[in-house]
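Student: Please find one structure pasted underneath; my questions will follow.
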Amino acid sequence: MPPTESARSAAAALFADRVYDGVSVDDLIQQLGVHRNGLYKTFGSKRGLYLAALRWHFEHQVPALAERLAAGEDTADDPALDLLLLAAVERAPVDTEGAALVAEAWRALDQAGR
113 MPPTESARSA AAALFADRVY DGVSVDDLIQ QLGVHRNGLY KTFGSKRGLY LAALRWHFEH
173 QVPALAERLA AGEDTADDPA LDLLLLAAVE RAPVDTEGAA LVAEAWRALD QAGR
């Protein structure tokens, strides 16, 4: 996995576990094993990394969740839902770009459930 993709994956897991406001830049630096300057150079800000992590999650985790849903599997406790639900409740009301990503993921899941 390329370093940027690895960082997005690790950040997605951290945000899913501790919510956006519960994760500091220092937490991200420690979890991702990067330097502060590298984080800012690559992602611009904590929010930039958050949005990149959401995109990664929605590109890599939500399609598999949609497949399980389409197959009729019980997905109520699926860990792939964690970040999606947190993003919908916590960040979507205050972040239009995040809200658009969440809406896109919900549409994919809605289509899979039909």
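The sequence shown begins at 113 in our numbering and counts up one residue at a time.
A virtual CB, placed ideally from N, CA and C, is assigned to each residue, including glycine.
Please list, in chain order, all residues of the same chain as Ala122 whose beta carbon is under 6 Å from its beta carbon, the five residues on each side excluded.
Tutor: Taken in chain order, the residues that qualify are Gln143 and Leu144.
Student: For the candidate residues Ala183, Asp207 and Ala124, whose alpha-carbon lies nearest to that of Leu193?
Tutor: The shortest C-alpha separation from Leu193 is found at Ala124.
Student: Roughly how many angstroms lie between the CA atoms of Lys158 and Tyr152, to the nearest whole one?
Tutor: Their backbone Cα atoms lie some 8 Å apart in a straight line.
Student: Can you tell which of Ala200, Val137 and Trp218 has its C-alpha closest to the C-alpha of Gly210?
Tutor: Closest by alpha carbon: Ala200.
Student: I need the straight-line Cα distance from Asp129 to Arg148, nearest angstrom please.
Tutor: Going from the Cα of Asp129 to the Cα of Arg148 covers about 21 Å.
Student: Which residues in the same chain as Asp133 place their Cβ atom closer than 8 Å to its Cβ, once the five residues preceding and following it in sequence are excluded?
Tutor: Glu202.
Student: Which residues in the same chain as Ala217 place their Cβ atom closer than 7 Å to its Cβ, once the five residues preceding and following it in sequence are excluded?
Tutor: So the list reads Phe170, Val174 and Leu196, once near-sequence residues are dropped.
Student: Quick one: what does DSSP say Val201 is sitting in, helix, strand or coil?
Tutor: Three-state result, Val201: helix.
Student: Using only alpha-carbon positions, find the residue among Ala182, Ala165, Ala220 and Asp207 that is nearest to Ser118.
Tutor: Per the Cα distances, Ala165.
Student: Can you tell me which of the three DSSP states Pro93 falls into?
Tutor: Nothing can be reported for residue 93: it is not among the residues displayed for the chain, which extend from 113 to 226.
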